[in-house]
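Trainee:
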Amino acid sequence: MSLSSRFENIELAQHLCGKLLEGREVTEETKHWLLMALREALANAIKHGNRQDLSKRIHLEMDVVGPNLQISIRDEGEGFDPAAVDDPLAPENRLKTSGRGIFYMKTFMDDVRFRKLEGGGMEIVLTKNLSSGKEKEGNRT
Amino acid sequence: MKANVREVQGVSIVDLKGKITIGSGDVQLREIINGLVDKGKKNILINMQEVTTIDSSGIGELVGCYTSVTNKGGKLKLLHLPPKINDVLTVTQLITVFDVYESEPEALATYAA
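These protein sequence lines map, in sequence, to chains A and B.
Numbering-wise (the numbering used here), the first sequence opens with residue 1 and increments by one.
Numbering-wise (the numbering used here), the second sequence opens with residue 1001 and increments by one.
Dropping the structure here:
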């Protein structure tokens, strides 16, 4: 799906992700943290990627593939080097007011990958093992 | 996010309710705390009991508020941290930065000390 670069759409995406997980054996704990990671990734794309430019879109795909939930988020911004993001746990960064979003994504998901897109923009792919092992087919939203 | 400020024993207690997330509550939190600091309030206790969600932006504002109050010679402390918010502060090691209390009288007593 394609979303405008508004923070209000984070709630919509979280709602749809919750719907995708309905009927699956996912603990409330797992669901809570993966929805937070989704929130962080979308906020990052809207704020830092598209810089809230309403002419730019956020492209979101959510899939359950086998035991894993995979979320792909693409923005239309200039991209960034994830390796250049400061470590929020370093003492000199601990009291900074920003720079924790990617850390939270990495903490709460099993895998987080970044890819700078050739045509511009950045893709973040989040993966979480839903642990039940009973999911067999993908549902695309 | 909704907020109510009450004065108890020389401490400004800020009761927060709802979400402290990007575009919804994060800036509001900063404005409330800065407003108290501007009025010369130095003892601030944020009651998080009814905060349902916080994200990195909300955490950033909380840290910014802590720094603002501390730089003015004040004390900003937290009350009734919900478990999930406690977890979010713990993984970024911010739980060691804030004084956190489970009881309002206990928290108030620390300001008098």
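By construction, the Cβ of each residue, glycine as well, lies at the ideal position given by its N, Cα and C atoms.
Is there at least one Cβ from chain A nearer than 7 angstroms to Ser-1056 (chain B)'s Cβ?
Mentor: Output row for Ser-1056 (chain B): interface = yes.
Trainee: Within 8 angstroms, do at least three Cβ pairs link the region 1068–1080 of chain B to the region 1026–1040 of chain B?
Mentor: Yes, since at least three Cβ pairs between the region 1026–1040 of chain B and the region 1068–1080 of chain B fall closer than 8 angstroms, the two stretches touch.
Trainee: Starting from the beta carbon of Leu-1094 (chain B), find every residue of chain A whose beta carbon is closer than 8 angstroms, and list them in chain order.
Mentor: Arg-94
Trainee: In the structure shown, what three-state DSSP assignment does Ser-1057 (chain B) receive?
Mentor: helix
Trainee: Counting only the same chain and skipping the five closest in sequence on each side, list residues whose C-beta sits under 7 angstroms from that of Ser-4 (chain A).
Mentor: Within the same chain, and ignoring the five residues on either side of Ser-4 (chain A) in sequence, the residues whose Cβ sits closer than 7 angstroms to its Cβ are Leu-54, Arg-57.
Trainee: Quick check on Arg-74 (chain A): buried or exposed, where buried means 16 or more other Cβ atoms within 10 Å of its Cβ?
Mentor: buried
Trainee: Give the interface partners of Glu-61 (chain A) over in chain B, defined as CB-CB distance under 7 angstroms, in chain order.
Mentor: Within chain B, no residue comes near Glu-61 (chain A); the closest Cβ sits about 22 angstroms away, beyond 7 angstroms.
Trainee: Which residues mark the beginning and the end of the alpha helix (DSSP H) in which Phe-108 (chain A) is found?
Mentor: 101–108
Trainee: Kindly indicate the opening and closing residues of the beta strand (DSSP E) around Met-122 (chain A).
Mentor: 122–129
Trainee: Going by beta carbon distance, what residues of the same chain come within less than 6 angstroms of Tyr-1111 (chain B), once the five residues before and after it are set aside?
Mentor: Val-1011, Asn-1043
Trainee: Indicate, with yes or no, if the ligand GTP has a heavy atom lying under 6 angstroms from the CB of Met-62 (chain A).
Mentor: The ligand GTP is absent from the structure shown, which contains no ligands of any kind.
Trainee: Using 10 angstroms around the beta-carbon of Lys-1077 (chain B), count the other beta-carbons present and answer buried if the total reaches 16, otherwise exposed.
Mentor: Result: buried.
Trainee: Going straight from the alpha carbon of Thr-30 (chain A) to that of Arg-113 (chain A), what length do you get?
Mentor: 19 angstroms
Trainee: Using a Cβ-Cβ cut-off of 8 angstroms (strictly less than) and excluding sequence neighbours within five positions of Ala-1003 (chain B), which residues of its own chain qualify?
Mentor: Val-1014, Asp-1015, Leu-1016, Lys-1017, Gln-1028, Leu-1029, Ile-1032
Trainee: Can you list the residues of chain A that Val-1097 (chain B) reaches, using a CB-CB cut of under 8 angstroms?
Mentor: Arg-94, Leu-95
Trainee: Could you round the C-beta distance between Ala-46 (chain A) and Phe-7 (chain A) to whole angstroms and report it? I think they count as a contact, below 8 angstroms.
Mentor: Just to set this straight, residue 46 (chain A) is Ile in the shown sequence, not Ala. Contact between Ile-46 (chain A) and Phe-7 (chain A) holds: their C-beta atoms lie close to 6 angstroms from each other, under 8 angstroms.
Trainee: Please look up how many angstroms separate the CB atoms of Leu-130 (chain A) and Arg-24 (chain A), rounded, as I've assumed it's under 8 angstroms.
Mentor: So it is a contact: roughly 6 angstroms between Cβ atoms.
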